[in-house]
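Asks:
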Amino acid sequence: MSKHVFVFAEQRDGVIQKVSYELIGEARTLADDLGQSVVAILLGDKIADAARSLIAAGADECVVVEDPVLGEYMTEPYAKAVHAIVQERDPEIVLYGATAIGRDLAPRVSARVHTGLTADCTSLEIDKETKDLRMTRPAFGGNIMATILCTDFRPQMATVRPGVMQPLDRDENREGVITPFMVEYTPADQNVKIREVVKSTRKAADITGAKVLVSGGRGIGNAENFALLRDLADELGGEVSSSRANVDAGWIERDRQVGQTGKTVRPDLYMACGISGAIQHLAGMEDSEYIIAINKNKDAPIFGVADLGIVGDATVIIPKLTQALKKIKG
Amino acid sequence: MKIIVCMKQVPDTTEVRLNPETGTLIREGVPSIINPDDKAGIESALRLKDQFPGTTVTVLSMGLPQVDVAMRECLAMGCDDAILLTDRPLGGADTWATSSTLAAALKKLDFDLIICGRQAIDGDTAQVGPQIAEHLHLPQVSYVEEILEAAEDHLVLKRQFEDRYHVIEVQLPCLITTLSELNAPRYMTVGGIFDAYREREIQIWSLEDIKDTVDMGSIGLKGSPTRVAKSGTKEVKGAGEVHEVTPDEAVDLLLERLSVIHII
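Those sequence lines, one after another, are chains A and B. Just so we're aligned, residue 1 is where the first sequence starts under this note's numbering, counting upward by one. Just so we're aligned, residue 331 is where the second sequence starts under this note's numbering, counting upward by one.
(1) Helix, strand or coil for E61 of chain A, going by three-state DSSP, please let me know.
(2) Give the interface partners of A580 of chain B over in chain A, defined as CB-CB distance under 7 Å, in chain order.
(3) Compare the C-beta of R244 of chain A against all C-beta atoms of chain B and say whether one is closer than 7 Å.
(4) Suppose you measure from the CA of T563 of chain B to the CA of K541 of chain B; what does that come to, to the nearest Å?
(5) Flag T431 of chain B as yes if its beta-carbon sits less than 7 Å from any beta-carbon of chain A, otherwise no.
(6) Counting pairs of Cβ atoms below 8 Å between the stretch 156-166 of chain A and the stretch 576-587 of chain B, do you hit three or more?
(7) Please identify the residue among A:K326, A:G259, A:L42 whose C-alpha is closest to the C-alpha of N143 of chain A.
(8) DSSP puts R494 of chain B in a beta bridge; with which residues?
(9) Could you spell out the range, first to last residue, of the alpha helix (DSSP H) harbouring A9 of chain A?
(10) Starting from A103 of chain A, trace the alpha helix (DSSP H) in both directions and tell me its first and last residue.
(11) Does DSSP put I594 of chain B in a helix, in a strand, or in coil?
(12) Could you tell me whether the Cβ of Q457 of chain B comes closer than 7 Å to any Cβ of chain A?
(13) Which of helix, strand or coil does DSSP assign to S554 of chain B?
(14) Less than 7 Å between the beta carbons of A434 of chain B and A526 of chain B, yes or no?
(15) If we count the other Cβ atoms within 10 Å of its Cβ and call it buried at 16 or more, is K466 of chain B buried or exposed?
(16) If you compare alpha carbons, which of A:D171, A:V19, A:E286, A:V183 is closest to P68 of chain A?
(17) Take T343 of chain B as the anchor and find which of B:V335, B:L551, B:I333, B:V360 has the nearest alpha-carbon.
(18) Which residue's Cα is closest to the Cα of L443 of chain B: B:R516, B:R587, B:D483?
(19) Consult DSSP for I207 of chain A and reduce its assignment to one of helix, strand or coil.
(20) Helix, strand or coil: which one does DSSP assign to E403 of chain B?
(21) In chain order, which continuous runs of the beta strand (DSSP E) of length 3 or greater are located wholly inside the stretch 128-189 of chain A?
(22) Which residues in the same chain have their Cβ closer than 6 Å to the Cβ of Y96 of chain A, if we skip the five residues on either side of it in sequence?
(23) Determine the contact status of A427 of chain B and I549 of chain B, defining contact as a CB-CB distance below 7 Å.
(24) Tell me, please, whether the CB atom of P107 of chain A is closer than 7 Å to any CB atom in chain B?
(25) Out of A:I275, A:D152, A:G284, which has the shortest C-alpha to C-alpha gap to T208 of chain A?
(26) Check whether the stretch 170-179 of chain A touches the stretch 54-66 of chain A, counting contact only when three or more Cβ pairs, one atom from each stretch, lie closer than 8 Å.
(27) Kindly indicate if chain B contains any beta-carbon less than 7 Å away from that of D248 of chain A.
(28) What is the rounded straight-line gap between the Cα of V361 of chain A and the Cα of T130 of chain A?
(29) Please list the residues of the stretch 72-102 of chain A that have a C-beta atom closer than 9 Å to any C-beta atom in chain B, keeping them in chain order.
(30) With 16 other CB atoms within 10 Å as the buried threshold, where does Q381 of chain B fall?
(31) Please give the ranges of any beta strand (DSSP E) in the stretch 450-530 of chain B, keeping only runs that are unbroken, at least 3 residues long and fully inside the region.
(32) Where R154 of chain A and A56 of chain A are concerned, what is the direct C-alpha to C-alpha distance, given to the nearest angstrom?
(33) So is V305 of chain A buried or exposed if we call it buried at 16+ other beta carbons inside 10 Å?
(34) Does any residue of chain A have a CB that is nearer than 7 Å to the CB of K552 of chain B?
(35) Between I24 of chain A and the rest of its own chain, which residues show a CB-CB distance below 8 Å, the 5 nearest in sequence each way excluded?
(36) Would you say D493 of chain B faces chain A, with C-beta separation under 7 Å as the test?
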């Protein structure tokens, strides 16, 4: 019988990615509802030392495959390992981060195993009666929410976007089992050749981790005005983010984009400045704790999700607010 | 080189609006377009055709008969052939059944390279490309941002990740998935449009045409491991207060509120 909630723990350069801890936090809830365990899958080259960290984050067991071919992500070696583990262990559920790795690996595994896969879930829940996994995701450009079931095939598989689920508090004394797992690789498994790995030199902005986001839309007028938002963000200890339009216009980097095709954020405070609030944008930020919107158009849809709305010009109000904050701090 | 591009016709989801009273989608008047990531795939195929004389580009789609419009647009851009797989039992397919069906059609065709868009804007799953590659036992390179080098027997690709990119060499045959950032697709030419409608035929395939390669248990709604249990528009949280005030009053209001929610 299929059993346990498995999480594909993504590592890059030997560092476990934040989304993996978030998935373990969510898997913990699901596994407890099922009366089962959380099992992390960790693939890499000399990676076993990192397994402890997944146990501390809430896993009961960590299955580790170590091989030089698993150091840098490649589709086939990773798919082969995950498939082998699924065959051997027969999981009830497997979760992956909806990253450029998880979204490449999970469909390949689903086709090999012959099971369903639900992409970019924003909520997961065990059905109280049937014990099936209810997977909810935005579809149609974020316009509708669909709840998906996979009743006849196992494992039930889903990808989840980074920033959506909550990690648990770490407990370094948590007990868990680390299980080495062997996968035999042949040269044929390396069906592509990585000629070069080029890491981004610019430190990627982590808007998903920020407590405060000051976010700009088309209404801020031009690229230079992002400096006004940045000043306020600095004053509030936050980060600057953006709607899609400004990213497409080249005013700001893509990793700061919030929304359906950008990132999902849920900060304590989201300040939408000159953002009209297209559905695609709302999909990425409407779960923020508190939303303040400043927009010249009093009919802008952003006011429909804002806790506090101000009809006005963000490029005038924001610098005044920054000045006022500076004055308070002295 | 024989290239097949898988294309999906999608509603332009950026044009979709909600009915403010009922909270339901207004589907009427939403234009259908070639999925943007797929269009980048078509453009990259056509560029390979420009580079390697003798290359043929075939566009393959599964969908309703109306997809004809998007197929003719592909022909008008310069694709050589268009095959539309359409049959009632194929309807309601999830990504697994869609990829199984398209793989069955691809087994009937000769190819060196299969190009899929990374993801469709109506589903956003990014699953069908890698699943087709698995069904056909082909190497895949997804999230392709740039084709750095192309030869008769291999490609060198820039594969995007969030914090890095890989320069990947892959031997043909293979499957790649393309990002809309890859290129700026060419426009249809007037002559191309004329030919697409007057001179050219869309090949219409039914289940009959793939009967010896398809697994009848893996198509349509019945062959889909996943099903939609429930769908609907999101619950919109109640709107808060909206103030029309002077900038100075706005600042006072903001300071007061930032303090209430313990930001300052």
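We treat Cβ as the ideally placed atom computed from N, Cα and C, and that holds for glycine. In this text the structure is predicted, and so the values were computed from the model without any measurement.
Replies: Answer, in terms of the structure:
(1) Residue state, collapsed to three classes: strand.
(2) Going along chain A in sequence order, the residues near A580 of chain B (Cβ under 7 Å) are I310, G312, I317.
(3) No, its Cβ sits nowhere closer than 7 Å to a Cβ of chain B.
(4) Rounded to whole angstroms, the gap between the alpha carbons of T563 of chain B and K541 of chain B is 39 Å.
(5) For T431 of chain B, no Cβ of chain A is located within less than 7 Å of the residue's own Cβ.
(6) Flag = no, the stretch 156-166 of chain A and the stretch 576-587 of chain B do not touch.
(7) Ranking A:K326, A:G259, A:L42 by Cα distance to N143 of chain A puts A:G259 first.
(8) Paired residue(s): A:K199.
(9) Taken as a continuous stretch (DSSP letters only), A9 of chain A belongs to no alpha helix (DSSP H), being part of the beta strand (DSSP E) at 5-9.
(10) Reading off the sequence shown, one finds Arg at residue 103 of chain A, where the question assumed Ala. Note, R103 of chain A: alpha helix (DSSP H), 102-113.
(11) Coil.
(12) It does; some Cβ of chain A falls within 7 Å.
(13) DSSP places S554 of chain B in coil when its eight states are reduced to three.
(14) Against a cut-off of 7 Å, the Cβ pair of A526 of chain B and A434 of chain B comes out as no contact.
(15) According to the sequence displayed, residue 466 of chain B carries Leu and not Lys. With 16 or more other Cβ atoms within 10 Å, it is buried.
(16) Relative to P68 of chain A, the option among A:D171, A:V19, A:E286, A:V183 whose CA is nearest is A:V183.
(17) The residue with the shortest Cα to Cα distance from T343 of chain B is B:V360.
(18) Taking only the C-alpha atoms, the option nearest L443 of chain B is B:D483.
(19) DSSP places I207 of chain A in the helix class (H, G or I) of the three-state scheme.
(20) The three-state reading of DSSP puts E403 of chain B in helix, counting H, G and I together.
(21) Entirely contained in the stretch 128-189 of chain A, the beta strand (DSSP E) runs reaching 3 residues are, in chain order, 133-139, 144-149, 156-160, 177-180.
(22) Excluding five sequence positions before and after Y96 of chain A, the CB atoms of its chain that fall closer than 6 Å to its own CB belong to F8, G102, A106, T159, given in chain order.
(23) Note that the C-beta distance between A427 of chain B and I549 of chain B is below 7 Å.
(24) True, the Cβ-Cβ gap to chain B drops below 7 Å.
(25) Closest option to T208 of chain A, Cα to Cα, is A:G284.
(26) With a cut-off of 8 Å on Cβ pairs, the stretch 170-179 of chain A is in contact with the stretch 54-66 of chain A, counting three or more such pairs.
(27) Taking Cβ atoms only, chain B never reaches closer than 7 Å to D248 of chain A, which makes this a no.
(28) With chain A running from 1 to 330 in the structure shown, residue 361 of chain A is simply not present.
(29) From the stretch 72-102 of chain A, only E72, Y73, M74, T75, E76, A79, A98, T99, A100, I101 have a Cβ closer than 9 Å to chain B.
(30) Using a 10 angstroms sphere on the CB of Q381 of chain B, the tally of other CB atoms stays under 16, which defines it as exposed.
(31) Runs found: 470-480, 484-490, 494-501, 504-508.
(32) Whole-angstrom Cα-Cα distance: 27 Å.
(33) The C-beta of V305 of chain A has 16 or more other C-beta atoms within 10 Å across all chains shown, which makes the residue buried.
(34) It does not: the Cβ of K552 of chain B has no partner Cβ on chain A nearer than 7 Å.
(35) Here the set comprises V7, A9, V38, A40, L54, A57, G58, A59, P167, L168.
(36) Using a Cβ-Cβ cut-off of 7 Å, D493 of chain B counts as an interface residue toward chain A, since at least one Cβ of chain A sits closer than that to its own.
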